[in-house]
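The opening position of the sequence shown corresponds to residue 1 in this note's numbering, with each subsequent residue numbered one higher. Note that CB positions come from ideal geometry on N, CA and C, so glycine has one too. In this text the structure is predicted, and so the values were computed from the model without any measurement. One structure is given here, and the rest of the page talks about it.
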Amino acid sequence: MRHLRSPREIDLMRQAGLLVWQAHQSAAKLISPGVTTGEISDAMARVFQDANAEPLFLGYPGPTPFPAVSCISINEEVVHGIPGSRELQEGDIVSIDTGCRIDGWCGDAAITHPVGRVAPEVESLLDTTRGVLALAIKLVGEKSRWSEVAREMQAFVEDAGFSVVEDFVGHAIGREMHEQPQVPNYYSEEWCRRGDFDLRPGTVLAIEPMVNMGNRKVKVMPDQWTQSTVDGRWSAHFEHTVAITHQGPRVLTCAPQDGEA
Ligand code: MG
């Protein structure tokens, strides 16, 4: 059910991860009031195109095939927003998620950016969501089962006064973007019984907490893709592709490290 990847395979996945990071860099440079979400997605598409990488979101099956290489979700939109003519405004937050496959291996990552200055509570939402991803990455190197990580993630978010989205979860990743097992960001006994897994070296996970300022409930919008909070309060999303190795957790979608081109 779960694939374990060799060190060589994890090195290959790093190439996909680096490209995803580069696409996010090209998006980050554009974040400012007045830019459209379509322009951001187009810039990310060019990064994949120039590298001959396969964008994994474009055409993703759903009610209609997903029409872009990235999901871009603003403010109360949680995930799966469709890029288009909407312009970013000062004070917005914009969640960008993308993935690609190169040489047969996948990478997937998401970042939520503030647009200019945001309200203090919104800043805290971003800090908490970034922080809970960092916590999960640290804990996969220390704990023996995912449920132990998920329990601490949920506590971290709830201690900050926010809530964890349960309708969407992370996933294992490798040859395909979405592989088993699922990787929830919350603890439930029911999930634990049927889905918990150990954190063995060779496991590669896309860990992606989605955190809401209000309650955890989300609903799909009339475009059939965009997921928004039911209460209209804002939501943030951070994701990294992370390999568990004998040397500890290795983030595959981060900036080039020492010794990397
Ligand atoms: Mg993902």
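Please report how far the alpha carbon of residue i lies from the alpha carbon of residue j, in whole angstroms.
i	j	result
residue 101	residue 196	27 angstroms
residue 26	residue 229	28 angstroms
residue 262	residue 71	The requested residue 262 is not part of the displayed model; the chain covers only 1 to 261.
residue 117	residue 250	32 angstroms
residue 69	residue 42	8 angstroms
residue 176	residue 99	11 angstroms
residue 22	residue 47	7 angstroms
residue 37	residue 84	5 angstroms
residue 2	residue 109	20 angstroms
residue 114	residue 130	12 angstroms
residue 10	residue 183	19 angstroms
residue 13	residue 53	12 angstroms
residue 194	residue 181	10 angstroms
residue 247	residue 73	35 angstroms
residue 57	residue 227	16 angstroms
residue 220	residue 18	31 angstroms
residue 33	residue 103	36 angstroms
residue 82	residue 7	36 angstroms
residue 216	residue 260	39 angstroms
For residue i, which beta-bridge partners are listed by DSSP?
i	result
residue 248	245
residue 219	228
residue 109	98
residue 211	164 and 236
residue 192	DSSP, once it has assigned bridges, lists no residue as partnering residue 192.
residue 198	145
residue 172	179 and 205
At a cut-off of 6 angstroms, is residue i close to the ligand MG when judged by its beta-carbon and the heavy atoms of the ligand?
i	result
residue 54	no
residue 167	no
residue 119	no
residue 206	yes
residue 108	yes
Quick check: the region 201–209 against the region 164–176, are there 3 or more CB pairs under 8 angstroms?
-> Verdict: yes, contact present.
Three or more C-beta pairs below 8 angstroms linking the region 231–239 and the region 137–151 | No, the region 231–239 does not touch the region 137–151.
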